[in-house]
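Take the sequence shown: its letter number 179 is residue 217 in my numbering, and every next letter is one higher.
Glycine is no exception: its CB is placed at the ideal position from the N, C-alpha and C atoms.
Just so you know, these numbers come straight off a predicted model, no measurement behind them.
One structure below.
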Amino acid sequence: AMTAACASRLATAALTRPRARPRRLRIKSHTRSHTTARVSFACACPSVRCIPATNENERPRARALVLVRASAAGFADGDVKPSATTASQTRVIVICLGIAMLLASADRTIFAAAALSIKAELAMSLKDVGAAQSAFLWGYGVTQLAAGAASDRYGGAKVLLFGLFLWSTAVALTPLSGGVYAILVARFMFGAASGCALPASAAAVAAHVPAERRSGALSTIFALFNIGSAFGLAAAGGLIATFGWKFVFYLFGLFGACFALLAYSLMPESVKHYVPRVSSAVASETTSSKDAELEVDDLPTEVATQLVALLWCHIVVNWGFMILQSWLPIYLAQDLGLSIASSGLAGAIPWLFTALMSFSSGQVADKLINKYNWEKWKVRRLAMNIATIGPAVCLFALKTTTTPAVALGFVIATLGLQAVAVAGYHSYLQDVAPSRAGAILGFTNTVGVVAAIIANMVTGASVEATGSFQTVFLYTASMYLSSCFAWNSFLKGQMLFP
Numbered sequence: 039a040m041t042a043a044c045a046s047r048l049a050t051a052a053l054t055r056p057r058a059r060p061r062r063l064r065i066k067s068h069t070r071s072h073t074t075a076r077v078s079f080a081c082a083c084p085s086v087r088c089i090p091a092t093n094e095n096e097r098p099r100a101r102a103l104v105l106v107r108a109s110a111a112g113f114a115d116g117d118v119k120p121s122a123t124t125a126s127q128t129r130v131i132v133i134c135l136g137i138a139m140l141l142a143s144a145d146r147t148i149f150a151a152a153a154l155s156i157k158a159e160l161a162m163s164l165k166d167v168g169a170a171q172s173a174f175l176w177g178y179g180v181t182q183l184a185a186g187a188a189s190d191r192y193g194g195a196k197v198l199l200f201g202l203f204l205w206s207t208a209v210a211l212t213p214l215s216g217g218v219y220a221i222l223v224a225r226f227m228f229g230a231a232s233g234c235a236l237p238a239s240a241a242a243v244a245a246h247v248p249a250e251r252r253s254g255a256l257s258t259i260f261a262l263f264n265i266g267s268a269f270g271l272a273a274a275g276g277l278i279a280t281f282g283w284k285f286v287f288y289l290f291g292l293f294g295a296c297f298a299l300l301a302y303s304l305m306p307e308s309v310k311h312y313v314p315r316v317s318s319a320v321a322s323e324t325t326s327s328k329d330a331e332l333e334v335d336d337l338p339t340e341v342a343t344q345l346v347a348l349l350w351c352h353i354v355v356n357w358g359f360m361i362l363q364s365w366l367p368i369y370l371a372q373d374l375g376l377s378i379a380s381s382g383l384a385g386a387i388p389w390l391f392t393a394l395m396s397f398s399s400g401q402v403a404d405k406l407i408n409k410y411n412w413e414k415w416k417v418r419r420l421a422m423n424i425a426t427i428g429p430a431v432c433l434f435a436l437k438t439t440t441t442p443a444v445a446l447g448f449v450i451a452t453l454g455l456q457a458v459a460v461a462g463y464h465s466y467l468q469d470v471a472p473s474r475a476g477a478i479l480g481f482t483n484t485v486g487v488v489a490a491i492i493a494n495m496v497t498g499a500s501v502e503a504t505g506s507f508q509t510v511f512l513y514t515a516s517m518y519l520s521s522c523f524a525w526n527s528f529l530k531g532q533m534l535f536p
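Structure below.
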């Protein structure tokens with residue numbers, strides 16, 4: 039109860055604006071005959087403008103037209119339009135964002151692939167490796183809220199490419215670290231610079247992609263993100279065996295910095311000079327409002343409850359994803375007996391399947407909505423059931439086997455099924471909170487990152503104490519089932535922030 043209350047208060051502070059607390063709304067409106075009306079009603083939107091309107095052919099009476107002002111992160115389907123980009127420009131934006139996310143994932147996984155080499159060279163324990171993984175997450179979590187706010191205000195595409203340049207520089211500087219503590223600092227800086235990746239990509243899609251194509255755009259971006267994990271593990275395994283781990287960090291860092299500059303040069307003017315825009319009808323009516331009063335209290339209980347449920351679901355997504363991304367090569371090498379090069383190649387296979395599932399789930403979701411007229415929230419619920427029940431079953435099964443081929447099959451299924459959350463959790467935010475997509479994702483991902491930090495530390499300590507990953511798989515499977523329960527109980531498509 040205390041956790042829920044704290045999360046509710048944090049969500050309220052992060053997502054509402056001063057003097058815009060959406061519970062009770064009082065509107066004072068004057069007609070031409072100076073008749074005054076006061077209206078009180080519940081409202082789930084934290085930012086509204088109330089416009090008086092009259093009809094010349096009717097008796098003088100007070101009416102109010104409530105219009106939503108959207109922030110830069112996203113847009114309500116009716117009132118606000120995405121930025122003025124053509125279809126071809128939108129494709130360029132999505133592809134560049136996808137490649138940036140690919141590099142974000144690859145840059146994370148090269149440390150996982152190099153972990154055993156770094157451990158041997160610097161005489162680190164598995165607890166030290168877990169601390170290094172957590173140091174990245176501490177930096178990653180610190181910048182989530184700021185990155186979400188910056189993405190909403192200045193445009194997610196610009197923020198993501200700027201972050202790509204910074205984190206690539208941090209990756210290139212990592213080999214210069216001369217000890218355990220220096221590695222921790224380098225990992226923290228890399229995490230802080232890459233903290234913009236998730237909220238910036240969400241804000242960019244909300245700003246530049248029409249609502250009916252957002253699931254497909256998100257699935258493309260996250261498919262490339264997952265391909266990045268496969269690419270990083272496959273490339274790093276062979277390169278480390280041939281040239282050493284330091285060469286891999288220099289190579290990936292230099293390539294990422296150069297691509298950030300190239301991608302920015304390819305961005306259309308609507309990205310470089312991004313300003314959130316509303317439709318002309320909304321703009322004209324909004325500027326004519328002079329007599330509106332707005333009075334609001336705290337977030338409604340049902341809204342706060344849904345935010346807490348979203349928060350828990352994101353915690354579980356991060357927990358399961360980060361454990362597998364950070365520790366998969368070590369699991370394959372230690373528990374299944376594969377070499378560093380072999381574990382890199384074998385570890386790439388699950389991420390390729392994850393990319394396929396991420397992409398295809400978004401396409402299927404769009405088809406269910408546009409062709410078969412499914413309600414959006416029911417499509418998201420189906421996706422989340424697959425993304426939670428599936429991994430839970432696979433992890434329970436993984437706990438019982440040590441055969442490499444069978445274990446690898448369960449790992450592939452676990453990662454592939456959890457990737458369907460792209461058409462569930464991430465798309466759900468676009469549906470119910472388009473104007474706060476970046477801010478909400480920044481907030482929930484911040485808390486999710488803290489959970490991932492704990493996950494890495496617990497995993498390192500557990501594996502060192504027990505000598506295997508079986509206990510880790512057991513409690514992670516249980517968390518997936520709890521996430522499924524929370525989603526089905528509380529998240530049913532109610533609009534939170536239009």
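Quick one: what's got a C-beta closer than 7 Å to residue i's C-beta in the same chain, skipping five residues either side?
i, result
"Ala-224", "Ala-208, Leu-211, Thr-212 and Ser-215"
"Val-470", "Gly-531, Gln-532, Met-533 and Leu-534"
"Leu-222", "Ala-169, Ala-170 and Ala-173"
"Gly-282", "none"
Which of the three DSSP states, helix, strand or coil, is assigned to residue i?
i, result
"Leu-495", "The amino acid at residue 495 is misidentified as Leu; the sequence shows Met. It is helical."
"Ala-524", "helix"
"Tyr-178", "helix"
"Leu-198", "helix"
"Lys-414", "helix"
"Tyr-312", "coil"
"Met-533", "coil"
"Gly-385", "helix"
"Cys-432", "helix"
"Leu-376", "coil"
"Ser-215", "coil"
Have a look at residue i and residue j and give me their C-alpha separation to the nearest angstrom.
i, j, result
"Pro-536", "Ser-473", "6 Å"
"Pro-90", "His-352", "Any reading at Pro-90 is ruled out, since the residue's pLDDT is 40, under 50, leaving its predicted position unreliable."
"Trp-350", "Gly-486", "8 Å"
"Leu-164", "Ala-499", "8 Å"
"Pro-388", "Gln-468", "27 Å"
"Asn-423", "His-246", "29 Å"
"Gly-229", "Trp-205", "7 Å"
"Asn-264", "Ala-393", "5 Å"
"Ala-195", "Ala-138", "10 Å"
"Cys-522", "Gln-344", "14 Å"
"Trp-176", "Asn-411", "42 Å"
"Ala-421", "Tyr-466", "10 Å"
For residue i, I'd like the list of residues in its chain whose CB is within less than 6 Å of its CB, leaving aside the five on either flank, ordered along the chain.
i, result
"Ala-515", "Ala-430, Leu-433 and Phe-434"
"His-464", "Leu-256"
"Asn-356", "Gly-486, Ala-489 and Ala-490"
"Ser-380", "none"
"Leu-300", "none"
Where do the N-terminal and C-terminal ends of the alpha helix (DSSP H) with residue i fall, by residue?
i, result
"Asp-145", "125-160"
"Phe-285", "283-304"
"His-352", "339-372"
"Ser-163", "First-last for Ser-163: undefined, no H or E at that position."
"Pro-442", "442-456"
"Val-218", "218-232"
"Ser-465", "463-470"
"Leu-236", "235-246"
Consider the Cβ of residue i: report whether some Cβ of chain B lies at a distance smaller than 8 Å.
i, result
"Lys-530", "No chain B is present in this structure, which holds just one protein chain."
So which of the options has the shortest CA-CA distance to residue i?
i, options, result
"Met-495", "Ser-308, Ala-150, Gln-171 and Ile-131", "Gln-171"
"Ala-188", "Ala-241, Ala-451, Phe-391 and Gly-382", "Ala-241"
"Ala-272", "Ala-459, Ala-403, Phe-528 and Ala-150", "Ala-150"
"Ala-371", "Lys-196, Ala-384 and Ser-303", "Ala-384"
"Phe-200", "Lys-405, Leu-277, Ser-239 and Leu-455", "Ser-239"
"Lys-284", "Ser-253, Lys-196, Ile-156 and Ala-347", "Ile-156"
"Thr-438", "Arg-419, Lys-416, Gln-508 and Glu-413", "Gln-508"
"Tyr-302", "Val-197, Ala-152 and Thr-181", "Val-197"
"Cys-296", "Cys-134, Gln-127 and Thr-497", "Cys-134"
"Val-354", "Thr-280, Phe-448 and Thr-484", "Thr-484"
"Met-227", "Ser-267, Arg-252 and Gly-179", "Gly-179"
"Glu-502", "Ser-126, Ala-161, Ala-152 and Val-167", "Val-167"
"Gly-400", "Ala-461, Ala-342, Ala-425 and Gly-454", "Ala-461"
"Phe-269", "Arg-146, Leu-479 and Ala-386", "Ala-386"
"Glu-124", "Phe-287, Pro-306, Leu-446 and His-311", "According to the sequence as given, residue 124 is Thr; it is not Glu. With distances taken between Cα atoms, Thr-124 lies closest to Pro-306."
"Val-309", "Ile-450, Asp-190 and Leu-479", "Asp-190"
"Ala-185", "Pro-237, Val-218 and Ile-427", "Pro-237"
"Lys-416", "Phe-528, Gly-233 and Gln-363", "Phe-528"
Might you give, ordered along the chain, the residues of its own chain that have their beta carbon closer than 8 Å to the beta carbon of residue i, omitting 5 neighbours on each side?
i, result
"Asn-408", "Glu-250"
"Leu-141", "Leu-202, Ser-206, Gly-266, Phe-290, Phe-293, Gly-294 and Phe-297"
"Val-402", "Ala-461"
"Gly-375", "Pro-442"
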